[in-house]
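One structure below.
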Amino acid sequence: MMLLVAAALVTLTSQDVDAEPLAKKLDVDVSIPTNPGLAIVGADPSGLTQISAFSDLGAQLGNYMDESGRVQPGFAFGVRPYWLGRNRITLEEYAGRDALTRIAARTQLSFAGVGDGDDGVRLGVGFHTQLLDGQDPRYLDAASPAAQNLGACLDRLNRVANLARLRTDNPAAFAALPEAQRTAALAFNPSQEDACYADARKAFLDQQGWVIGAGLALAGEDGFDGLEEDGLSVWTAYRHPLGSGPGDLTARLVYRSDAEFEVTGGVLNASEASAALVYGEERDGRRWELVADYTIRDYDTPAAVGVVAPDEDGFFSVGARYLTRIREGLWLEFGYVSVPDGGVEQDDRVTVQVKFDLD
């Protein structure tokens, strides 16, 4: 009997090593945030409000309405450099990293382009990062339920799966195991992994989130020739869940310097600061948001005859966003923003995006 138990333990130990979870693969499939590059170039004005799960490698395709009412094609992609070449880091090893390393692991570089070249092109580059461990599914810590639940759940499931395999590979050793372990193995079903991820998604959305980022916009009226700087943006956003339900509230601050804006008679350079409040709900693979934003814009003095700066420097805008998961790692998003006239030609702007998690 002792020999059978020892054989079972050796078998389980070797299988546990083989099945040790890798940190890179431990992600939860919640709504994919808008790539900051698209918001930097003005294609998605409310896109910096969403705090969600970053992709190690992600992409977005979409059509966007510009300030003159023209529909422009666009694309974006983002990558988290820390995970390049680090495919074999285990969950336990990652949990032992220091706080700065974990922040670096959550930092994403992004790039976006909008326009077909005929009406000009706009490019955006930037970065953003999550500062709180609570929204890091890979970090195992008692204060981080999202990661704790997923890592512990998958670990328990791996052990039960090993017991189930032992039942087939070595029936005598399986029969020598304690009754509780045999009962768990008999009840094992691979679909139980879905329940682990479902619990982790809920725990993730119940956590506070804090994002900071910065980016640079480039614009060219004749395609990629003659690209010029069109504003530097910095932003921060804080997300707070509301009780035990699916709702959350996000506060966002953005500052953008030396960017061009269409006004009556032409364009003017301006710097602007905006503050937004966002209410959102996410459950069952769907998310919707309502956005209220107040912007203060400081225009340069017009240098050309006929160019007129708006009389009001401050204005409100409102927006809405709806996302739905098509399948794991694939989301469809619709966005709408209504901005006041303020000297520009187009009041309403619409976005349609397809978001991919490629890793």
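By the numbering used here, the letter at position 103 of the sequence shown is numbered 89, and the numbering carries on one by one without gaps.
Built from N, CA and C at the ideal position, the CB exists for glycine as well.
Start and end residues, alpha helix (DSSP H) containing residue i
i: residue 227; result: That residue, residue 227, is in no alpha helix (DSSP H); its beta strand (DSSP E) goes 214 to 227.
i: residue 247; result: No alpha helix (DSSP H) contains residue 247, which is instead part of the beta strand (DSSP E) from 233 to 249.
i: residue 171; result: 165 to 172
i: residue 87; result: 85 to 91
i: residue 185; result: 178 to 191
i: residue 159; result: 157 to 161
Collapsed DSSP secondary structure at residue i in the structure displayed
i: residue 272; result: strand
i: residue 128; result: Its pLDDT being 46, under 50, residue 128 is placed unreliably in this model, and the value from its coordinates should be taken loosely. Of the three classes helix, strand and coil, the one that applies to residue 128 here is coil, per DSSP.
i: residue 19; result: coil
i: residue 14; result: coil
For residue i, the residue or residues it bridges with in DSSP
i: residue 109; result: 99 and 204
i: residue 341; result: 46 and 317
i: residue 8; result: 76
i: residue 116; result: 197
i: residue 334; result: 324
i: residue 121; result: In DSSP, residue 121 forms no bridge with anything.
Expected contact under 8 angstroms - CB spacing of residue i and residue j to nearest Å
i: residue 238; j: residue 264; result: 7 angstroms
i: residue 43; j: residue 316; result: About 14 angstroms; that fails the 8 angstroms criterion.
i: residue 246; j: residue 282; result: About 17 angstroms; that fails the 8 angstroms criterion.
i: residue 222; j: residue 197; result: 7 angstroms
i: residue 295; j: residue 285; result: 4 angstroms
i: residue 107; j: residue 97; result: At roughly 13 angstroms, the Cβ-Cβ gap does not stay under 8 angstroms, so residue 107 and residue 97 are not in contact.
i: residue 272; j: residue 310; result: 5 angstroms
i: residue 69; j: residue 10; result: 6 angstroms
i: residue 22; j: residue 114; result: 5 angstroms
i: residue 149; j: residue 167; result: 6 angstroms
Boundaries of the beta strand (DSSP E) in which residue i is found, first to last residue
i: residue 58; result: 57 to 65
Quick check for students: name the residue ranges of the beta strand (DSSP E) that lie wholly in the stretch 252 to 326, counting only runs of 3 or more.
252 to 269, 272 to 285, 300 to 313 and 316 to 324
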